[in-house]
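Protein chains in written order, with our numbering: chain A, 1 to 145; chain B, 1001 to 1412.
Each residue gets a CB set at the ideal place from its N, CA and C atoms; glycine is no exception.
Fair warning: this is a prediction, and the values are worked out from it, not measured in the lab.
Structure, as C-alpha cells:
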Amino acid sequence: MPFRRLILLGSIFWLLVQPAAEVRAELVVVVNARCGVAAMTRNEVINIFFGRNRQYFNGIEAQPVDLPDTHPDRLRFYGLLVGKDLSEINAYWSRQVFSGRMQPPAKVGSAEEVLKWVVSHPGGIGFIDLAKADARVRVVYELAP
Amino acid sequence: MTIANLFRRVAPACSPGRLFLALAGSALLSVAPHVMAESDSALSLNGFGTFGLARTTTDDVEFVRDISQPRGVGKDWSALIDSVLGLQAAWRISPQFEAVVQATSRYRYDRTFTPDISWAFIKYNPTPNLSLRAGRLGTEFFMMADSRWVGYSFLTVRPPGDYFWYLPFYSIHGADAAINLSLGEGVLRTKAFYGHSNGKIPLADEQWDIAGSPMLGGYLEYQRGPWQVRASYANIKFKNDLPIATVLKIPPANISEALNFLSTRGARTHYYSLGVVYDQGPWQAQLMLNHIDQGSNALESSDGGYALAGYRMGTLTPYSGYSWVRSNKQPGLNSSSVPQNEVAAYVMQDSHADQRTIFAGMRWDVVRNVAVKAQWDGIRGEASSLFPYRQDNRARWDGRMDVFSLTMDFVF
Chain A
1 MPFRRLILLG
11 SIFWLLVQPA
21 AEVRAELVVV
31 VNARCGVAAM
41 TRNEVINIFF
51 GRNRQYFNGI
61 EAQPVDLPDT
71 HPDRLRFYGL
81 LVGKDLSEIN
91 AYWSRQVFSG
101 RMQPPAKVGS
111 AEEVLKWVVS
121 HPGGIGFIDL
131 AKADARVRVV
141 YELAP
Chain B
1001 MTIANLFRRV
1011 APACSPGRLF
1021 LALAGSALLS
1031 VAPHVMAESD
1041 SALSLNGFGT
1051 FGLARTTTDD
1061 VEFVRDISQP
1071 RGVGKDWSAL
1081 IDSVLGLQAA
1091 WRISPQFEAV
1101 VQATSRYRYD
1111 RTFTPDISWA
1121 FIKYNPTPNL
1131 SLRAGRLGTE
1141 FFMMADSRWV
1151 GYSFLTVRPP
1161 GDYFWYLPFY
1171 SIHGADAAIN
1181 LSLGEGVLRT
1191 KAFYGHSNGK
1201 IPLADEQWDI
1211 AGSPMLGGYL
1221 EYQRGPWQVR
1231 ASYANIKFKN
1241 DLPIATVLKI
1251 PPANISEALN
1261 FLSTRGARTH
1271 YYSLGVVYDQ
1281 GPWQAQLMLN
1291 HIDQGSNALE
1301 SSDGGYALAG
1311 YRMGTLTPYS
1321 GYSWVRSNKQ
1331 PGLNSSSVPQ
1341 NEVAAYVMQD
1351 SHADQRTIFA
1361 GMRWDVVRNV
1371 AVKAQWDGIR
1381 GEASSLFPYR
1391 QDNRARWDGR
1401 MDVFSLTMDF
1411 VF
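Below, the structure written as C-alpha cells:
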C-alpha cells in the first residue's frame, strides 16, 4: 500500500512540474529573412557561432550576435547546441582572442536587441525564443530541448 | 613565506616579482570596466593571467615549463614558472582591417618578468573566410602553441611538458595567411606562415640568440561538430651557433673541433605534428603526436606526444593524461665521427630526453572567468633525461620526480 501511495504522490508531483517545463519557450536560431538561408544543420550553426565559418552557402557574410553570460538564454543556447557550460565557451573564446586569431561575436543585452541586430545586418544571425520571432526573420534551426 | 620569496631566482637587478605584482595590481583595477570587452565598440581591451605555484620532490634538477626559462623549481614552492599576465588591445579599424597589440609579462630568458610585446600585427580580411596578417605574430608550430600561456583557455595547469619543452619559439616578424573552406558540414582550414624568429633561448648563464632565424610552416585542419584533426609542419634555420665556449668559459680556439661539430649556424630543424581533439558535452579529449628532426649534432631529434581526457561535472572538471618524449642520437653518428672530446660528449649528453609522465588534476571554475586548478605530475624517466631541465646534478639525478602545481587563471 505505502508503495502505491508513493507512486501516486510521485505522479502528482510530476504533473505539477510538467507545465513549468512546457511554458519554457523553444529556443530557435534566426537569420535576416532576406539573406537567402532557409534552414541550417546543427553543425552549420556550430560553425557560425564558433567563428569556424564566416559565410553562408551563398557567400553572404554571417554576422552572429551573442548575449552576455548573465542572460539565461546564453546558458540554454550553448547547453543545447554543444552541451557546454559557459565557462567552456569563454575558455574557447579566450584561446581565439589571445592567440590573435579572432574576436568573439558582438554581444547585446536582450532578446529584443538580438532581433534588432538580425534585422539590421544583412547576414545577421542570433538565437531567441520562438515566440519572439516575427516576419522580418527566418527560423533556420530549432534547438531540441 | 613572503610573496617576493616565491619569485626568487629572478635577476638580482630586478626586485623580485615587483614588476609582476605591479602589473597584476593594475590589471585587477582594470577588471571593473570589463564591459568594454562585451560592447560593440571598435576598441576592445582584454587580459589574461595566472598566479601559479609549483614544487617538485627533488633538488637534483630544476623543473621548467619550457626551455625558454633559464631557471626552474625544485623542492620549495615557487611562483616562478607558471605566473603570467597578458594584456591585449584590439582595434577594429574597418570591417576588413583590425590591429592587435598584446603584451605579456612572464619569467623569461634573462631571468626577469620584463614585459614583451608578444604580438603586434595588422589583420586584413579580403573576404570573410580569408585572413591575412603581417607584423609580429604568434607561431603555431604545434596545435595550441600560440595560446600556451592562456591558462584559462585549457584544462591542465600547463600544456604537457613532454610535448612542449622543445618549443621555446613564440613569435615571428613576418606574415601568415589562413583560409577556411566549407566542406560538407565541416570546415577545412589551411594556414601558412613565414617570418624571422624573434627571441633568445637561455643556456646556463648565457643566451642563444635566435633572432633573425627564418621560420616557415603551415597546417591543414578539418573540424566537424565535436571533432578537430590537424596535421602541421614547420621548420627553423638557426642563424647563430650555441654559445658553448662562453658557457663553458673555455677559449674557442681550444675546442674548435668540437665547436665545428656542434655548430647550429645554418642548421635547419623540422617539426611535424598531428593532433586530434574531441570536445562535446562534458567530455574533452586530446591526442597529440610530434616528431622533431634536428639539423645539428648539438641537439637530438625526438618523438613526443600526449593523451588527455577530462569530464566536467558542474563546475568541477577532473582530468588525467599521459605524455612522453624520447630523443635519439642523430642517425649516421658513430664513435668514429664524434670528436673524442669531453665538450662534445657533454653537450650531446645535455640534449637527451627519455621520459614518461602521468598526470591527473582538477579544474574548478570558481566564478565567471576564474578557474582554480590543482595537478600532480609523476615523471618517470631515465637518469639520462636531462634536456628538459635546468641546473642538473647529473651524478644524483635518477630521472624520477613528482610535480605538484596549484594555479589560479583568469581572463578579463
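- Cα atoms of aspartate 134 of chain A and methionine 1362 of chain B: separation of roughly 45 Å, rounded to the nearest angstrom.
- Taking a beta-carbon distance threshold of 9 Å, glutamate 44 of chain A counts as an interface residue toward chain B.
- The Cβ-Cβ distance between tyrosine 1272 of chain B and tyrosine 1163 of chain B does not fall below 9 Å.
- The Cβ atoms of alanine 91 of chain A and proline 1128 of chain B lie no closer than 9 Å to each other.
- For lysine 116 of chain A, the nearest beta carbon of chain B is not closer than 9 Å to its own beta carbon.
- Taking CB atoms only, leucine 86 of chain A has a neighbour in chain B less than 9 Å away.
- The C-alpha of proline 1388 of chain B is placed about 7 Å away from the C-alpha of alanine 1353 of chain B.
- Spanning the alpha carbons of isoleucine 1358 of chain B and aspartate 1076 of chain B requires a straight line of approximately 21 Å.
- The beta-carbon of glutamate 142 of chain A is placed no less than 9 Å from the nearest beta-carbon of chain B.
- Only Asn47, Arg52, Asn53, Arg54, Gln55, Phe57, Glu61, Ala62, Pro68, Asp69 from the stretch 47-71 of chain A bring a Cβ to less than 8 Å from some Cβ of chain B.
- Looking at the backbone, the Cα of isoleucine 1244 of chain B and that of phenylalanine 1404 of chain B are separated by about 33 Å.
- Note that the C-beta distance between phenylalanine 1048 of chain B and glycine 1086 of chain B is below 9 Å.
- Rounded to whole angstroms, the gap between the alpha carbons of proline 1226 of chain B and valine 137 of chain A is 28 Å.
- Valine 37 of chain A and glycine 123 of chain A have their C-alpha atoms spaced approximately 9 Å apart.
- Here the alpha carbons of histidine 71 of chain A and serine 1044 of chain B stand approximately 21 Å from one another.
- Closer than 8 Å at the C-beta level to chain A, one finds these residues of the stretch 1070-1092 of chain B: Gly1086, Gln1088, Ala1090, Arg1092.
- Taking all protein chains shown into account, isoleucine 1379 of chain B has 16 or more neighbouring C-beta atoms within 10 Å of its C-beta and is therefore buried.
- With 16 or more other Cβ atoms from the protein chains shown falling within 10 Å of its own Cβ, glutamate 88 of chain A counts as buried.
- When secondary structure is reduced to three states using DSSP, aspartate 1059 of chain B falls in the coil class, being assigned neither helix nor strand.
- By the neighbour-count criterion, in which 16 or more other beta carbons inside 10 Å mark a residue as buried, threonine 1264 of chain B falls on the buried side.
- Per DSSP, the beta-bridge partners of valine 1372 of chain B are B:Trp1364, B:Met1408.
- Glutamate 1342 of chain B sits exposed, since fewer than 16 C-beta atoms from the chains shown fall within 10 Å of its C-beta.
- Annotation: glycine 79 of chain A is outside any beta strand (DSSP E); the continuous alpha helix (DSSP H) that includes it extends over 72-82.
- A contact between stretches requires three or more CB pairs, one per stretch, nearer than 8 Å, and the stretch 1153-1168 of chain B fails this requirement with the stretch 1214-1223 of chain B.
- As computed with DSSP, glycine 1399 of chain B is found in no beta bridge at all.
- Cβ neighbours of asparagine 47 of chain A within its own chain (closer than 6 Å, five residues either side excluded): Asn53.
- Around the beta carbon of glycine 59 of chain A, fewer than 16 other beta carbons sit within 10 angstroms, so the residue counts as exposed.
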